[in-house]
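Protein chains in written order, with our numbering: chain A, 1 to 325; chain B, 1001 to 1325.
C-beta atoms are modelled at their ideal positions from N, C-alpha and C, and glycine is treated no differently.
Everything numeric in this text was worked out from a predicted model, so none of it was measured.
Data block below; observations after.
Number of protein chains: 2
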Amino acid sequence: MLKRLSADQYADGILAGNRVVLSQTITLAESTLASDQALTQQVLDRVLPHAGQSVRVGITGVPGVGKSTFIEALGLFLVNEQHKRLAVLAVDPTSQRSGGSILGDKTRMTQLAAHPQAYIRPSPAGRSLGGVTRSTREALLLCEAAGYDVIFVETVGVGQSETAVHGMVDFFLLLMLAGAGDELQGIKKGIMEMADAISITKADGGNELAARRARREYQNALHLFPATDSGWQPVVTTSSAVSGAGVPQVWEVIQNYTQQTQASGYFQRRRQQQNLHWLHEAIRHGLEERFYARPEVQVQLASLRQQVISGQKSAFGAAGELLGL
Amino acid sequence: MLKRLSADQYADGILAGNRVVLSQTITLAESTLASDQALTQQVLDRVLPHAGQSVRVGITGVPGVGKSTFIEALGLFLVNEQHKRLAVLAVDPTSQRSGGSILGDKTRMTQLAAHPQAYIRPSPAGRSLGGVTRSTREALLLCEAAGYDVIFVETVGVGQSETAVHGMVDFFLLLMLAGAGDELQGIKKGIMEMADAISITKADGGNELAARRARREYQNALHLFPATDSGWQPVVTTSSAVSGAGVPQVWEVIQNYTQQTQASGYFQRRRQQQNLHWLHEAIRHGLEERFYARPEVQVQLASLRQQVISGQKSAFGAAGELLGL
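In structure tokens form, the structure reads like this:
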């Protein structure tokens, strides 16, 4: 592990846009040591006034949908043509590779990874979902303070992490394949309802017609579904990371969304609600962590769980016994 | 308040199918007194071996969809033609009427309420969602022990209670109106994805064609959406509480579902998972209740919330401060 800097040194480096210091601070935020977590909070307190200025975009889709190539295509468009600074974070609590992630060794986004205006950060391995989402949210704030004005948070659309990511971004983009059917089985229930936009990927090489048909079907289906709290009607597009067709349109949709929701005040209100949500989540997480770590609770829990599963004991009764310990 | 019986007296009365004792025990479960809650747990421990034998059906839909008339029609079919014993519970945490509920004074289900094989229990008023869902789940178990073999749990499809009810039932039925559009605005996001079946109500009086068209549209839309964990493909039907058309078909769908999922083992597995879920929910609820009741937490919380909302302080940092008190 690296030698620790002072909170001021970390904060100054981040605010100066120093990528090495940014990476070191994110590593600090990922640490499970109590002293590192305390230091992270000190750094955050210093840089927070400079955070909050980016557009935060969650991107998900099952493996095979072409997420990395899509993110590389959209990312290069943003840094080269829109002159944005882009950070890409990954949330992948199930990853088992050592130090690895769904972004792997960045070889899957070679051009973007090498671009001076882009910053790619893989997901920390071997952490719980709670730990990963916590450090990802902190990494997001640190990247904002370092001057990145678009942040992508990438997940694999098969697990529970999408809800957590939805709770930390402004806009949620779902990537889908044409040929709705088997491919859909991998998408968790509820993810589609979180989407502010769906893009049907791989609309190229003779697949354009199927992609357009899928676009129509999803657009019709989404119209049947309830409006979002934002008043925004989800948009479905087609895109090709190979030809680049449809990639700028996705950015256009995101811009329309932010303009509309900033004008209505929803954008700011949602961020405030997200902040509060994370406060109470963190409290809950801390309370549960302490409770389940108590030796007397651990001794009782296993047998009470069995009695509750089998229906011998009521859930509330068993909870009362444990809380009374 | 009624004089308390002993745990054995409550349990014996319930197991004998005594409706007066059943009602008294549910009132006990709804009480916020610690002594009443402890007594409720003793009663539950005694009757639990006799619970679990019913089919638990959640029913939701926005006001105006004709929920009460539908439940009366389906309920009368069950008690009169299927010779079932039916209990109807309501979850309505937002109800402000004193002692009232969405079922009101039972005048909305007059025939069913008067039927000896049916038991209708309004939602307790003035309780938090956590309190209502807890007492509803306990009422459900008590009704099962009293020999009711079908339990309906009714909610208004506009709030947060649907998720809680989905977590305590085997089958979730959503009632919808034809003319998808404005009516849908009232349905909360996510509710449609929980549905094992949708029935388009009021398919009568010249509305049949629109209802059939809505049925097709929803069936097509649901096909686009991910399969449920159960392997069950949600079914859309039309029904009329006035003519009775389509009402027995809803029961047929529920029976198909239970047969299929009991054969696959999903039905039993889901109930076990629900039991465990409620155990950990109850623990969480208890931990949070104690934490937020601490005077020193209350003193700090208000100002920390403000700092977190405005982005001056990170959520995790503020949580750490509160947990350290």
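| Check | Outcome |
| --- | --- |
| Unbroken alpha helix (DSSP H) run spanning ARG1134 (chain B), endpoints | 1129-1145 |
| DSSP three-state assignment for THR1258 (chain B), whether helix, strand or coil | helix |
| Cα-Cα separation between ARG1270 (chain B) and GLN259 (chain A), rounded to whole angstroms | 44 Å |
| Cut-off 7 Å between Cβ atoms - residues of its own chain near LEU15 (chain A), not counting five sequence neighbours on either side | VAL47, HIS50 and ALA145 |
| Anticipated Cβ contact below 8 Å, VAL57 (chain A) with PHE171 (chain A), distance rounded | 5 Å |
| Limits of the unbroken beta strand (DSSP E) element including THR201 (chain A) | 197-201 |
| Sufficient close CB pairs (3 or more, under 8 Å) joining the region 210-224 of chain A to the region 74-88 of chain A | no |
| Contact set between the region 299-325 of chain A and chain B, restricted to residues whose Cβ is under 8 Å from the partner | LEU304, ARG305, VAL308, ILE309, SER310, GLY311, GLN312, LYS313, SER314, ALA315, PHE316, GLY317, ALA318, ALA319, GLY320, LEU322 and LEU323 |
| Contact set between ILE1330 (chain B) and chain A, taken where Cβ atoms lie within less than 7 Å | No answer is possible for residue 1330 (chain B): the residues shown for chain B start at 1001 and end at 1325. |
| Beta-carbon proximity of GLU1288 (chain B) to LEU1325 (chain B), cut-off 8 Å | no |
| Euclidean distance between Cα positions of VAL20 (chain A) and ALA7 (chain A) | 15 Å |
| Assigned exposure category for LYS1003 (chain B) - 16 Cβ within 10 Å defines buried | exposed |
| Cβ-Cβ distance between ALA1029 (chain B) and LEU1089 (chain B) below 8 Å | no |
| Simplified DSSP assignment, three categories, for LEU1112 (chain B) | helix |
| The region 67-75 of chain A / the region 105-120 of chain A touching (three or more Cβ pairs under 8 Å) | yes |
| Proximity winner among B:LEU1323, B:LEU1222, B:ALA1318 and B:VAL1308, relative to GLY52 (chain A) (alpha-carbon distances) | B:VAL1308 |
| Cβ of ASP1045 (chain B) within 8 Å of any chain A Cβ | yes |
| Test: TYR1218 (chain B) CB closer than 8 Å to a CB of chain A | yes |
| Members of the region 271-289 of chain A near chain B, C-beta cut-off 7 Å | GLN272, ASN275, LEU276, TRP278, LEU279, ALA282, ILE283, ARG284, GLY286, LEU287 and GLU288 |
| Neighbouring residues, chain A, relative to GLN1117 (chain B) (Cβ below 9 Å) | What GLN1117 (chain B) touches in chain A: nothing, since even the nearest Cβ is about 25 Å away. |
| Candidates A:LEU322, A:ARG294 and A:LYS313, of which the one nearest GLN1041 (chain B) by Cα | A:LYS313 |
| Beta-carbon spacing of LEU142 (chain A), LEU22 (chain A) below 8 Å | yes |
| Proximity test, Cβ basis, 8 Å: ALA138 (chain A) and chain B | The identity of residue 138 (chain A) in the sequence shown is Glu, whereas the question assumes Ala. Closer than 8 Å: yes. |
| HIS1280 (chain B) versus ASN80 (chain A) - alpha carbon distance | 49 Å |
| For LEU103 (chain A), three-class secondary structure by DSSP | For LEU103 (chain A), the predicted model reports a pLDDT of 46, less than 50, meaning its position is unreliable; a value from the coordinates is still stated below. Looking at LEU103 (chain A) - three-state DSSP - the assignment turns out to be coil, as it is neither helix nor strand. |
| Identity of the residue in B:PHE1316, B:ALA1245 and B:SER1161 nearest ARG1134 (chain B) by Cα | B:SER1161 |
| Backbone secondary structure at VAL1062 (chain B) - three-state DSSP | coil |
| Min CB distance ARG1134 (chain B) to chain A below 8 Å | yes |
| VAL91 (chain A) and VAL150 (chain A) closer than 8 Å at C-beta | no |
| ASN275 (chain A) classed as buried or exposed, judged by whether at least 16 other C-beta atoms fall within 10 angstroms | buried |
| From A:LEU224, A:TYR119 and A:LEU322, residue whose alpha carbon lies closest to that of GLY17 (chain A) | A:TYR119 |
| Closer than 8 Å at the beta carbon, the chain A residues around THR1048 (chain B) | The sequence given here places Leu at residue 1048 (chain B); Thr does not occur at that position. Going along chain A in sequence order, the residues near LEU1048 (chain B) (Cβ under 8 Å) are GLY311, GLN312, LYS313 and SER314. |
| Contact set between the region 1017-1037 of chain B and chain A, restricted to residues whose Cβ is under 8 Å from the partner | GLN1037 |
| Residue-chain proximity (PHE172 (chain A), chain B), Cβ-Cβ < 8 Å | no |
| Neighbour flag for GLU1193 (chain B) against chain A, beta carbons, 8 Å | yes |
| Segments assigned beta strand (DSSP E), at least 3 residues, entirely inside the region 274-304 of chain A | none |
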